[in-house]
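Converting from the sequence shown to this note's numbering requires adding 384 to each position, the first position being numbered 1. From the three backbone atoms N, C-alpha and C, an ideal C-beta is built for every residue, glycine too. Keep in mind it's a predicted model, so treat the numbers as computed, not measured. Here's the structure, in structure tokens; my notes come after.
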Amino acid sequence: MIIRNRPKPLPLRNLDAAIPRLPPTFPNLPRMQEDVKKQQQGYSGEKKIDYFLDNLAPMYTILHDVYLRENNKNFQIDSLAIANHSIFMIDSKNYNGTISFNTTLRQLTRSDGKLESGFENPITQIKNQKFHLQNWLKERNLGHIPVKCFVAIADPSTVVRVEGSEDEVSQYVVHAAELPERIMNADQQYRNKGARKLPDYQIGKTMLSECGEFDIDIFKKYGMRLANILPGVICPGCGLRGMKRIHSGWWCRKCQQKHYHAHWQALADYLLLVKNTITNKECMWFLGLNKRGTATRILKKSGLTYDDKYRCWYKKK
Ligand SMILES: [Zn+2]
Numbered sequence: 385m386i387i388r389n390r391p392k393p394l395p396l397r398n399l400d401a402a403i404p405r406l407p408p409t410f411p412n413l414p415r416m417q418e419d420v421k422k423q424q425q426g427y428s429g430e431k432k433i434d435y436f437l438d439n440l441a442p443m444y445t446i447l448h449d450v451y452l453r454e455n456n457k458n459f460q461i462d463s464l465a466i467a468n469h470s471i472f473m474i475d476s477k478n479y480n481g482t483i484s485f486n487t488t489l490r491q492l493t494r495s496d497g498k499l500e501s502g503f504e505n506p507i508t509q510i511k512n513q514k515f516h517l518q519n520w521l522k523e524r525n526l527g528h529i530p531v532k533c534f535v536a537i538a539d540p541s542t543v544v545r546v547e548g549s550e551d552e553v554s555q556y557v558v559h560a561a562e563l564p565e566r567i568m569n570a571d572q573q574y575r576n577k578g579a580r581k582l583p584d585y586q587i588g589k590t591m592l593s594e595c596g597e598f599d600i601d602i603f604k605k606y607g608m609r610l611a612n613i614l615p616g617v618i619c620p621g622c623g624l625r626g627m628k629r630i631h632s633g634w635w636c637r638k639c640q641q642k643h644y645h646a647h648w649q650a651l652a653d654y655l656l657l658v659k660n661t662i663t664n665k666e667c668m669w670f671l672g673l674n675k676r677g678t679a680t681r682i683l684k685k686s687g688l689t690y691d692d693k694y695r696c697w698y699k700k701k
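Put into structure tokens, the structure is as follows:
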């Protein structure tokens, strides 16, 4: 059973919301656009892994994007499968071209045919995460559970090369499509060695209840101030900011299209970037409305909850 689906990562959601609302001259904008591309690539890689891993859902308990805390440190696991006798952690990697693991130097390089670049060794990374997860389990008297980790390669066309020990790399690195079989076989081996049957669902529920969501303060990271966030409804057709409210819809002066729900995204952007509550006056400013009544109507239909005491709207969790 899948008990936690993969949300779109918060740092990516923040960047997606902020980039179209920054002045084109904002100094860190190119860096943000570059980061959004990388994060999007990582996210689509994770979803490719989910596609294969979710085949195990009828037998095991599966959680995606697990973010836990142990010994005052947070750690993140892309996907986690709690099987019948053991737990599997999966870190997904989405690379184009050829990747080479060097087991002596403990480094990873990637070549796309033109450029070669170095990366932190994902095997070292996942071993560190395994250490955290084992401690987390120990703290809950579950330290006896065997934990195994995999680095899953999302793109089937990625060529994996090894300099050094192939055995060592193949113990951890798998192509996504092979993942279910590798997990089932490993779990069977743990069973043969006498590992106990796990209350997989209960363990999953405990994790879920403690699971947070990884976030980055993009204001701090990119030197943004609230005043840099520009208001206005963005046209879903052409991206123009500043659609005009006209007959219960929104009119774009650039592509001459009408969209009825273009304000939904603007409200979501406001709650994500500016503040987690919105008043009628703030709504008028952010959506570019000149009538109080229109803002009230929009907010009432927005699915947000009204707080009588503070006279503002918020998203109920
Ligand atoms: Zn437009």
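Should A579 and V558 be called a contact, given that it needs their Cβ atoms to be closer than 8 Å?
no
May I ask which residues mark the beginning and end of the beta strand (DSSP E) holding F670?
Where F670 is concerned, there is no enclosing beta strand (DSSP E), although the alpha helix (DSSP H) it sits in stretches over 664-671.
Integer-rounded CB distance, given that S470 should sit under 8 Å from I529:
7 Å
Tell me whether the beta-carbon of A646 lies closer than 8 Å to the beta-carbon of C622.
no
Examine ligand 1 and report whether any of its heavy atoms sits within less than 7 Å of the Cβ of C696.
no
Have a look at L614, R681, Y556, E523 and flag the residue whose alpha-carbon is nearest the alpha-carbon of L452.
E523
Check whether the stretch 624-636 touches the stretch 666-676, counting contact only when three or more Cβ pairs, one atom from each stretch, lie closer than 8 Å.
yes
With a 10 Å radius around its C-beta and 16 neighbouring C-beta atoms as the bar for buried, classify V543 as buried or exposed.
exposed
For ligand 1, is there any heavy atom lying closer than 7 Å to the beta carbon of K628?
no
Considering only their Cβ atoms, is the gap separating N456 from G607 smaller than 8 Å?
no
Quick one, which of T488, Y574, L624 has its alpha-carbon nearest C639's?
L624
Suppose contacts are defined by Cβ-Cβ distances below 8 Å. Is V553 in contact with T487 by that definition?
yes
How about F436 and A560: do their beta carbons lie closer than 8 Å?
yes
Please return the same chain residues whose Cβ sits closer than 8 Å to the Cβ of Y694, not counting the five positions on each side in sequence.
T661
Contained beta strand (DSSP E) runs [length at least 3] in the stretch 444-527, N- to C-terminal order:
445-454, 457-466, 471-477, 482-486, 491-495, 500-503
Cα-Cα separation, I461 to I386
15 Å
Is the CB of L396 under 8 Å away from at least one CB in chain C?
The structure shown contains no chain C, having only a single protein chain.
State yes or no: is the C-beta of K422 nearer than 7 Å to some heavy atom of ligand 2?
Absence of ligand 2 is noted for the structure shown, with ligand 1 being the only ligands found.
Mind checking whether the beta-carbon of Q649 lies closer than 7 Å to any heavy atom of ligand 1?
no
In the DSSP assignment, find the unbroken alpha helix (DSSP H) run with H647 in it and report its ends.
646-653
Quick check on A401: buried or exposed, where buried means 16 or more other Cβ atoms within 10 Å of its Cβ?
buried
For my contact list, A538 and K642 are in at a C-beta cut-off of 8 Å; report their separation, rounded to the angstrom.
That pair is no contact at about 39 Å.
Three-state class that DSSP yields for F603 in the structure shown
helix
Buried or exposed, going by whether 16 or more other CB atoms sit within 10 Å of the CB of T445?
buried
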